[in-house]
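Student: Per full-length UniProt numbering, the sequence shown starts with residue 1, numbered consecutively. Glycine residues also receive a C-beta, built at the ideal position from the N, C-alpha and C atoms.
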Amino acid sequence: MDSLLIPLVILIAVIAGVLLLIRSYTKRSAETRADAAALNVPKDAVTLAKESAAKLNEEQHRRLYSLIAQGQGMAAIKLYLQATGEGLRASRDAVGALAAHPQPYRPEAPAKDLLADDDDEPERFPYRYRAIVSKGDVTREVSSNMLNDEIYGRIRTLAKSGDVEGAALALTRHSDITIKQAREFIELLDD
């Protein structure tokens with residue numbers, strides 16, 4: 001009997017150890033899945049576009065939007081993937097959000113918000129910026145030295161997010177057109 005007691009105790013200890021290891025592994029695995037699920041909470045597209053644009057430098061931002069404008073989505077995803085080091089799925093989602101909700105390039109240091117600053121006069125640039133939209137045989141043009149790519153991008157983003165009135169007011173603030181003309185211009189941006 002004594003000869004069986006020692007192997008039996010060892011066997012029970014091994015089984016208990018294996019059960020404890022399995023329990024800790026499944027508990028850790030469940031925590032990892034919960035953490036991953038918390039990290040994969042889908043963001044709304046506008047927030048994702050803003051966060052994604054902030055990860056790009058000026059050259060990468062320009063090249064990415066150039067590829068999007070040329071309809072080269074796969075090349076844009078590849079560029080974003082290389083620029084940020086994010087995964088393929090995250091890069092695909094980011095490029096999709098950036099295409100749906102265009103974001104102007106914002107340097108690392110936050111510049112003052114040119115659209116929301118009501119107290120100051122808009123900055124005048126040494127050149128005239130021309131924005132042209134058309135739909136069918138209707139064409140509208142705005143030319144102003146108070147517009148640039150960044151401001152026009154913000155106006156387009158406002159219009160695409162559904163704030164047509166805000167976009168029209170921002171356009172009148174940064175150009176010499178009437179609110180009626182601005183609304184007509186913004187309506188053509190919708191498509």
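1) What separation, rounded to the nearest whole angstrom, lies between the Cα atoms of residue 113 and residue 151?
2) To the nearest angstrom, how far is the alpha carbon of residue 166 from that of residue 29?
3) Using CA atoms only, rank isn't needed, just tell me which of 173, 73, 123, 99 is closest to residue 142.
4) Given residue 76, which residues of its chain have a CB within under 6 angstroms of its CB, disregarding the five upstream and five downstream residues?
5) Can you list, in chain order, the residues of its chain with a C-beta nearer than 7 angstroms to that of residue 50? Leave out the 5 residues immediately preceding and following it.
6) In the DSSP assignment, the alpha helix (DSSP H) including residue 173 goes from what residue to what residue?
7) Let me confirm a value: residue 48 is counted as buried when at least 16 other C-beta atoms fall within 10 Å, else exposed. Which label applies?
8) Per the contact definition of three or more C-beta pairs closer than 8 angstroms, is the segment 152-164 in contact with the segment 178-189?
9) Using DSSP with H/G/I as helix, E/B as strand and the rest coil, what is residue 27?
10) Whose C-beta lies closer than 6 angstroms to the C-beta of residue 19 among residues of the same chain, with five residues either side of it excluded?
Tutor: Inspection of the coordinates gives the following:
1) Below a pLDDT of 50, predicted positions are generally treated as unreliable, and residue 113, at 48, falls in that range; the measurement from the model is reported next regardless. Cα-Cα distance, rounded: 9 angstroms.
2) 48 angstroms
3) Among 173, 73, 123, 99, the Cα nearest to that of residue 142 is on 173.
4) Closer than 6 angstroms at Cβ, skipping near neighbours: 64, 67, 68, 95.
5) 103
6) 164-173
7) buried
8) yes
9) helix
10) none
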